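Student:
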Amino acid sequence: MREIIDSLFSSSPHHELYLGVIEAAQGVVREFSGDAWKRKMLGDQALYDDVVRAVRGAGLMGLGVDEKYGGMGGGLLGQVLVTDILAQHGLASLATIVTGFSREPLLNHGTDAQIENYAVPSISGEKSFCILATEPDAGSNTFNISTRAVQQGDRWILNGQKAYISQADAADYGFLIARTDLEAKGALSVFVLDMKSPGIEMQQMNINIHGGERQYLVFFDNVELPADALVGEEGMGGKYMFAGLNAERLMVSALAVGTADLALRETVAYVNERKLFGDRPTGSYQAVQHPLAQYKADTEAARLLMYFGTRLYDDGKDAGLYANMAKLQSSTAAANMCDAAIQSHGGGGMDEDTGMLSLWRSARALRIAPLNNEMILNYIAQHGIGLPRSY
Ligand SMILES: Cc1cc2nc3c(=O)[nH]c(=O)nc-3n(C[C@H](O)[C@H](O)[C@H](O)COP(=O)(O)OP(=O)(O)OC[C@H]3O[C@@H](n4cnc5c(N)ncnc54)[C@H](O)[C@@H]3O)c2cc1C
Numbered sequence: 018m019r020e021i022i023d024s025l026f027s028s029s030p031h032h033e034l035y036l037g038v039i040e041a042a043q044g045v046v047r048e049f050s051g052d053a054w055k056r057k058m059l060g061d062q063a064l065y066d067d068v069v070r071a072v073r074g075a076g077l078m079g080l081g082v083d084e085k086y087g088g089m090g091g092g093l094l095g096q097v098l099v100t101d102i103l104a105q106h107g108l109a110s111l112a113t114i115v116t117g118f119s120r121e122p123l124l125n126h127g128t129d130a131q132i133e134n135y136a137v138p139s140i141s142g143e144k145s146f147c148i149l150a151t152e153p154d155a156g157s158n159t160f161n162i163s164t165r166a167v168q169q170g171d172r173w174i175l176n177g178q179k180a181y182i183s184q185a186d187a188a189d190y191g192f193l194i195a196r197t198d199l200e201a202k203g204a205l206s207v208f209v210l211d212m213k214s215p216g217i218e219m220q221q222m223n224i225n226i227h228g229g230e231r232q233y234l235v236f237f238d239n240v241e242l243p244a245d246a247l248v249g250e251e252g253m254g255g256k257y258m259f260a261g262l263n264a265e266r267l268m269v270s271a272l273a274v275g276t277a278d279l280a281l282r283e284t285v286a287y288v289n290e291r292k293l294f295g296d297r298p299t300g301s302y303q304a305v306q307h308p309l310a311q312y313k314a315d316t317e318a319a320r321l322l323m324y325f326g327t328r329l330y331d332d333g334k335d336a337g338l339y340a341n342m343a344k345l346q347s348s349t350a351a352a353n354m355c356d357a358a359i360q361s362h363g364g365g366g367m368d369e370d371t372g373m374l375s376l377w378r379s380a381r382a383l384r385i386a387p388l389n390n391e392m393i394l395n396y397i398a399q400h401g402i403g404l405p406r407s408y
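If you want our numbering, it's the position in the sequence shown, counting the first as 1, plus 17.
Shown next, in the form of structure tokens:
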């Protein structure tokens, strides 16, 4: 990591901060050595909570929040760096990642009061966020959502339903996209929502990717939102949300490349030991080496796209193309790497105790979420190579 920061970010005013961030993230890693990551991934909730507490305790949730609000500054890069390092050790968690990217549009478009009330308490970890975008009927077509917020006096009344919401049970606040103009198809607005508001009900979905993390259906029945729940201008939600999604894609890329590294490290250790036909380990066979070497190259290429995209984002430039390409390449490389890791472990790859299946589940989900790779390719075709919109 030091190499990337020293070569790509040596002229950044935050260079020293990033070196400190590497130290702090490695400090968290040292607290949870051995096979702690496997226990965390396989559902040890106390351990999951301890890891999240350690990340918050190291002050890392202050990254990306301006110093004037008590944060550490450093833009998105600090958060991407932390996620990459923690994922390399199986210690990244949606609890911190989702809070990091969900508060981005609030930090960019919220009023000082909204930032103080909602985003600042997330620096210490006192409060956390989830993001509520997907709906059962709209799926990838967010512009087709039907959850609606109708203004009544000084309140908004929210009705509708969201699906697949990670951390909905644990989060204090939700960053929510809803339709405010019932006539205009594109007119979406974003709100910050108190997840404990009366009228919100949840049902856990039957998804088990990572033990400590759960996805929920969330139902809104006449939920009252105060006037100040609206973030930015009414009707601009689509624009805010989509700009924020670049941060989401870059953070998710960090989770993917870190996961690929971990699967590779564990596999190399295993195939260097496993001897079946004489004295040579299975790792000496080209059929075992080549997929691992290929996906290592793919992972590092994805990592460079990710750090470059993050730099564009932090410089206030259009990071859309690089964020999308990083998400495509990183999730593909990670899913391939974890599949090769399972194959290299033989039957052990199917044994939950080796941790390979849980790494594969995490990596495989990233080809679908937060946006499926087909939609990512649609974006690249349209915005990267100038082809007509295909859907
Ligand atoms: C583990 C997990 C966590 C998640 N967490 C959250 C969360 O916290 N908050 C949230 O809002 N959502 C979350 N999601 C939802 C996620 O963002 C959606 O699953 C994703 O956007 C796809 O929507 P869908 O599942 O309805 O699939 P659909 O939209 O029904 O698409 C199904 C498939 O059809 C294909 N497809 C669809 N449209 C096109 C097209 N135009 N061109 C080509 N192919 C296409 C793709 O292969 C796609 O995978 C999560 C999902 C998972 C699995």
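Each residue gets a CB set at the ideal place from its N, CA and C atoms; glycine is no exception.
Predicted model only: the values in this text are computed from it and were never measured.
Any heavy atom of ligand 1 closer than 7 Å to the Cβ of valine 115?
Tutor: Valine 115: yes, Cβ under 7 Å from ligand 1.
Student: Any heavy atom of ligand 1 closer than 7 Å to the CB of methionine 392?
Tutor: Yes, Cβ of methionine 392 sits closer than 7 Å to a heavy atom of ligand 1.
Student: Does any heavy atom of ligand 1 sit closer than 7 Å to the C-beta of glycine 191?
Tutor: Checking the Cβ of glycine 191 against ligand 1 gives no.
Student: Looking at the structure shown, is leucine 193 part of a helix, part of a strand, or coil, going by DSSP?
Tutor: DSSP places leucine 193 in strand when its eight states are reduced to three.
Student: I'd like the list of long-range same chain contacts for isoleucine 132, defined as Cβ closer than 7 Å, with 5 residues on each side in sequence excluded.
Tutor: For isoleucine 132, where only same-chain residues beyond five positions count, the Cβ hits under 7 Å are Tyr86, Leu123, Leu124.
Student: Classify proline 298 as helix, strand or coil using the three-state DSSP reduction.
Tutor: It is a strand residue.
Student: Under a Cβ-count criterion, where at least 16 other Cβ atoms within 10 Å of its own Cβ denotes burial, should glutamine 168 be classed as buried or exposed?
Tutor: Exposed.
Student: Any heavy atom of ligand 1 closer than 7 Å to the beta-carbon of tyrosine 181?
Tutor: Yes; taking the cut-off as 7 Å, the Cβ of tyrosine 181 has a heavy atom of ligand 1 nearer than that.
Student: Grab the span of the beta strand (DSSP E) containing histidine 172 for me, first residue to last.
Tutor: Per the sequence shown, the amino acid found at residue 172 is arginine instead of histidine. Note, arginine 172: beta strand (DSSP E), 172-183.
Student: Can we count leucine 123 as close to ligand 1, meaning its CB is less than 7 Å from some heavy atom?
Tutor: False, no ligand heavy atom lies under 7 Å from that Cβ.
Student: Thinking just about the alpha-carbon of each residue, which of Ser375, Ser270, Tyr312, Asn353 is nearest to the one in leucine 98?
Tutor: The residue with the shortest Cα to Cα distance from leucine 98 is Ser270.
Student: Answer yes if the stretch 56-73 comes into contact with the stretch 109-119, meaning at least three C-beta pairs across the two stretches below 8 Å, and no otherwise.
Tutor: Result yes; three or more Cβ-Cβ pairs closer than 8 Å.
Student: Do you know whose CA, among Met18, Arg172, Gln232, Gly74, lies nearest alanine 104's CA?
Tutor: Among Met18, Arg172, Gln232, Gly74, the Cα nearest to that of alanine 104 is on Met18.
Student: Whole angstroms is fine: what's the gap from serine 348's alpha carbon to serine 407's?
Tutor: The straight-line gap from Cα to Cα measures roughly 22 Å.
Student: Among residues of its own chain, excluding the 5 on either side of aspartate 186, which ones have a beta-carbon nearer than 8 Å to its beta-carbon?
Tutor: Met219, Gln221, Arg231, Tyr233.
Student: Given 7 Å as the limit, tell me if threonine 151 has its C-beta closer than that to any heavy atom belonging to ligand 1.
Tutor: Threonine 151: yes, Cβ under 7 Å from ligand 1.
Student: Can you list, in chain order, the residues of its chain with a C-beta nearer than 7 Å to that of proline 138? Leave out the 5 residues immediately preceding and following it.
Tutor: Taken in chain order, the residues that qualify are Lys144.
Student: To the nearest angstrom, how far is it from the Cα of glycine 403 to the Cα of isoleucine 393?
Tutor: C-alpha separation (whole angstroms): 14 Å.
Student: Grouping DSSP H, G and I as helix and E and B as strand, with all else coil, what is serine 379?
Tutor: Residue state, collapsed to three classes: helix.
Student: Please tell me whether glycine 403 has its Cβ less than 8 Å away from any Cβ of chain B.
Tutor: Among the chains of the structure shown, chain B does not appear; only one protein chain is present.
Student: Whole angstroms are fine: how far does the CA of leucine 242 sit from the CA of cysteine 355?
Tutor: The straight-line gap from Cα to Cα measures roughly 43 Å.
Student: Looking at the unbroken beta strand (DSSP E) that takes in phenylalanine 325, where does it start and where does it end?
Tutor: First-last for phenylalanine 325: 303-331, but that is the alpha helix (DSSP H), not the beta strand (DSSP E).
Student: What would DSSP say about lysine 334, mapped onto helix, strand or coil?
Tutor: It is coil, neither helix nor strand.
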